[in-house]
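When we follow full-length UniProt numbering, the leftmost residue of the sequence shown carries the number 1, and every step to the right adds one.
Accompanying notes for the structure given below.
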Amino acid sequence: MDPIGFNISDNFTGTLRNASDFDRALNGFLPPTTRVDPLPLITKLNEEEARRQIPLSIFLGLVSVCGVIGNCFVLYIYGVLYRASNSRIFITCLAVVDLCTCILAIPIETVTIQNQYQFDQPWVCKISRFTNAAATISSANILFLIALDRYRKICKPLKWQFTNKNAKLMCVGAIAFSMLLSWPSLILYGIKSTDVPLRQDLNGTFTECSLDDEFSNTIYTLAYQFLFLLSFLVEVVVIIILYTFIGRKVRFFAHKHELRRGSSSNIIDDNDTELQRTRREKLREIQPDLSSYDELDDSLGLKRSVTMKSQFKSTDNIVGMDQNPTEETTDREVRSDGLSVSGSVNSRNTLTKTNTINHNSLSHRIHKKRKNLAKNTTYLMFIISIAFIVTFVPYLAIVLLREIMKNFVQRMSDSERTAFRFFLRSYFLNAAVNPIIYSIFDRRFRKAFRKCLNDIRSCVCECKRTS
1 MDPIGFNISD NFTGTLRNAS DFDRALNGFL PPTTRVDPLP LITKLNEEEA
51 RRQIPLSIFL GLVSVCGVIG NCFVLYIYGV LYRASNSRIF ITCLAVVDLC
101 TCILAIPIET VTIQNQYQFD QPWVCKISRF TNAAATISSA NILFLIALDR
151 YRKICKPLKW QFTNKNAKLM CVGAIAFSML LSWPSLILYG IKSTDVPLRQ
201 DLNGTFTECS LDDEFSNTIY TLAYQFLFLL SFLVEVVVII ILYTFIGRKV
251 RFFAHKHELR RGSSSNIIDD NDTELQRTRR EKLREIQPDL SSYDELDDSL
301 GLKRSVTMKS QFKSTDNIVG MDQNPTEETT DREVRSDGLS VSGSVNSRNT
351 LTKTNTINHN SLSHRIHKKR KNLAKNTTYL MFIISIAFIV TFVPYLAIVL
401 LREIMKNFVQ RMSDSERTAF RFFLRSYFLN AAVNPIIYSI FDRRFRKAFR
451 KCLNDIRSCV CECKRTS
């Protein structure tokens, strides 16, 4: 039974190894020579298989519940609480797709696995395969848009960038494209019938949700599956390539930043030495003549005051501080001593230098915070993409093994077949894992999530008190 569209069937002949299951069922009813209606026997085997699939059904149920709760929080936090940005728009759109998977696709898939041998609802099968295929391609499209947006921001920062409106339109286009690519599943999929010999004189017909009998082994089916698989793999490869370029650029920036820090420290040391030498020369020139120093200091003090006022206004109390008359008067009172003059000039230069350093330090912290935020956002998006690919690896491995190894399913035991069906639906994990990734790697999301939980707890307690 193929959950997406690659025609991976559970294969009845593999499930009924040499008809041993039927032999056990028949021996419990009638002698081998008696002709019987196979329907009760098929029903019994279907119920036995459904019991074997209870762990898988519970697993899918947990994924669905966790995905619904987690993606609702994602929609509220990223879509309502936070200011709109490209990344948050893409995350919100991805959460909508995952929410549809948890609400619609997973419950329908649970119905299909509980009716392995007696599935008789073709439209349920069609909707199941369509939603699975559309959700898969939609997620791949959105992750591709995320990678493209991060690539342009990091590798092409001076060129045209996506706006919020562009991001919303591209999300709509991504979902529309996935539906356009998936609509053939509404026609190709349905009820597949398989005649299985129960005994030498008894045959039974099993029905499952798979490719419809009318389109089984046709060129239309092969073309659809090839196009679907090709589009999926191309997008995954492009996503990997884009993040490779992003990683190289980030490493280049980090290396360049380290070199710049080293050169900046050398320049600061050279400037400090030059400043001290200039200060000593000026003090030697002006100390013999205090009257000439008074005139020079008055003019320098006025310029210094005006300059620092302008710096104060332009940088919002970050760069400069205006000197008040009390400081100038006190400064003049101690000019009779050469050492006092040196101390006064040193204090003023130190003040200016300290303010400049504070400004540079604050600017550096702001710039570093923005760079870290962009880097963390890119890292978060990369982790989401990796999770999407990893959850599909077991499914794709099953596809390859099924095509390469002959009688791959037929040789399986009951436990192996149960594991086989787990791996066949591993991609459903992606619908519930993204909120967990956000809570681990996004500190702001984690903080908002805790606040939401506290608000819900407070609301519940308040309702209990009033009731």
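The beta carbon of each residue, even a glycine, is placed where N, CA and C say it ideally should be.
Around Y224, the same chain offers G5, P184, S185 and L188 as residues with beta carbons nearer than 8 Å, after the five sequence neighbours per side are excluded. Taking every protein chain shown into account, the CB of A176 has fewer than 16 other CB atoms within 10 angstroms, so this residue is exposed. The segment 113 to 123 makes contact with the segment 38 to 47: 3 or more CB pairs, one atom from each, lie closer than 8 Å. When the beta-carbon positions are compared, A167 and I89 come within less than 7 Å of each other. For I191, the closest C-alpha among the options T92, R425 and S128 is that of S128. The segment 369 to 441 contains, as complete alpha helix (DSSP H) runs of 4+ residues, the segments 414 to 424 and 430 to 441 (chain order).
Within the same chain, Cβ atoms closer than 8 Å to the Cβ of C171 are found at I89, F90, C93, I142 and L145, the five residues on either side in sequence being excluded. Burial state of V74 is buried, judged by a 10 Å Cβ sphere holding 16 or more other Cβ atoms.
In the DSSP assignment, T131 falls within the alpha helix (DSSP H) that extends over P122 to C155. Following the DSSP letters along the chain, one finds L104 in no alpha helix (DSSP H), marked with neither H nor E.
Burial check for N454: the Cβ neighbour count within 10 Å stays below 16, so the residue is exposed.
In the three-state scheme derived from DSSP, where H, G and I count as helix and E and B as strand, T221 is classed as helix.
Distances from the alpha-carbon of L230 to those of A140, C102, I440 and I436 put A140 closest.
Taken through DSSP and simplified to helix, strand or coil, T43 comes out as helix. Per DSSP, Y82 has no beta bridge partner at all. In this structure, the CA atom of M412 is about 34 Å from the CA atom of I240. Here V237 is exposed: its Cβ has fewer than 16 other Cβ atoms, across all protein chains shown, within 10 Å.
Taking every protein chain shown into account, the CB of I456 has fewer than 16 other CB atoms within 10 angstroms, so this residue is exposed. Contact fails between the segment 128 to 137 and the segment 153 to 167, because fewer than three Cβ pairs, one in each stretch, are under 8 Å apart. Taking C-beta atoms as the reference points, L62 and T110 fail to come closer than 7 Å. According to the DSSP assignment, L75 belongs to the alpha helix (DSSP H) that extends over I54 to Y76.
Per the C-alpha coordinates, the member of L56, N430 and D442 positioned closest to A135 is N430.
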